[in-house]
């Protein structure tokens with residue numbers, strides 16, 4: 117009995133000590149939990165701040181993207197405008213080059229071909245000259261020196277005694293270039309070519325042109341030649357001498 121009474125306080129004391137330790141442990145755990153919660157709250161606040169900063173950055177980036185998109189649109193418009201201007205400039209340059217080529221064809225090439233033909237004629241290479249004059253008239257008929265090209269072609273053919281073709285070239289000059297500087301010579305050579313064909317109808321035309329040379333260019337050497345030819349082609353009738361009859365009384 118005494119033993120039981122002694123053990124009871126001891127057990128009670130031991131129970132109290134155990135409960136106090138548990139309380140201390142629990143308080144320690146609560147303190148740790150509060151500390152963890154405080155840390156978590158701080159971390160959450162930091163995270164919220166970072167999220168806010170991130171949102172601000174995203175908003176700024178979004179604005180920058182809008183500005184960039186606007187700049188890209190403007191740049192694209194500028195590129196399109198530049199492309200249009202470039203196309204126009206290229207077209208303009210192309211047209212300018214084409215015009216220059218046409219100008220070259222209208223001036224330099226015809227002049228070069230004509231000069232080559234005249235050089236061949238002057239050097240006595242008449243066949244080459246005739247070929248070059250024919251090429252000139254084929255490509256540049258109506259250009260400057262077309263009248264001379266016809267004339268020299270007629271002269272070459274006349275020298276070759278190809279009177280029919282020579283007459284054609286002389287006739288072209290008379291038809292197309294009535295004010296040609298060498299018209300007296302052209303009329304004379306045309307008449308001579310027609311006479312050489314030995315045709316009565318052509319002879320009549322030749323006589324008409326010979327007379328026109330004498331009438332329109334009376335002081336030129338061609339008029340003198342025309343008169344000599346006419347004397348042969350149209351011999352003048354001899355004048356009749358009046359014979360006085362002697363009347364017998």
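Numbering (this note's numbering), first residue to last: 117 to 365. Where a beta carbon is used, it is the ideal one built from N, C-alpha and C, also for glycine.
Residue i - DSSP class collapsed to helix/strand/coil
{"i": "residue 267", "result": "helix"}
{"i": "residue 135", "result": "helix"}
{"i": "residue 426", "result": "Residue numbering for the chain in the displayed model covers 117 to 365; residue 426 lies beyond these limits and cannot be assessed."}
{"i": "residue 350", "result": "coil"}
{"i": "residue 102", "result": "Any property of residue 102 remains undetermined from this structure, which presents the chain solely from 117 to 365."}
{"i": "residue 230", "result": "helix"}
{"i": "residue 327", "result": "helix"}
{"i": "residue 274", "result": "helix"}
{"i": "residue 259", "result": "coil"}
{"i": "residue 333", "result": "coil"}
{"i": "residue 315", "result": "coil"}
{"i": "residue 345", "result": "helix"}
Min CB distance residue i to chain C below 8 Å
{"i": "residue 156", "result": "As a matter of chain content, chain C is missing from the structure shown, which is built from one protein chain."}
Residue range of the unbroken alpha helix (DSSP H) whose run includes residue i
{"i": "residue 223", "result": "No alpha helix (DSSP H) holds residue 223; DSSP gives it neither H nor E."}
{"i": "residue 310", "result": "299-312"}
- request: Report yes or no: do the segment 229-245 and the segment 203-220 share at least 3 C-beta pairs separated by less than 8 Å?
  value: no
The segment 235-247 / the segment 278-292 touching (three or more Cβ pairs under 8 Å): no
task: Please determine if the segment 315-323 and the segment 284-304 are in contact, where contact requires at least 3 C-beta pairs separated by less than 8 Å.
output: no
message: Suppose only complete runs of 3+ residues qualify. What are the beta strand (DSSP E) ranges in the segment 154-217, listed by chain order?
response: none
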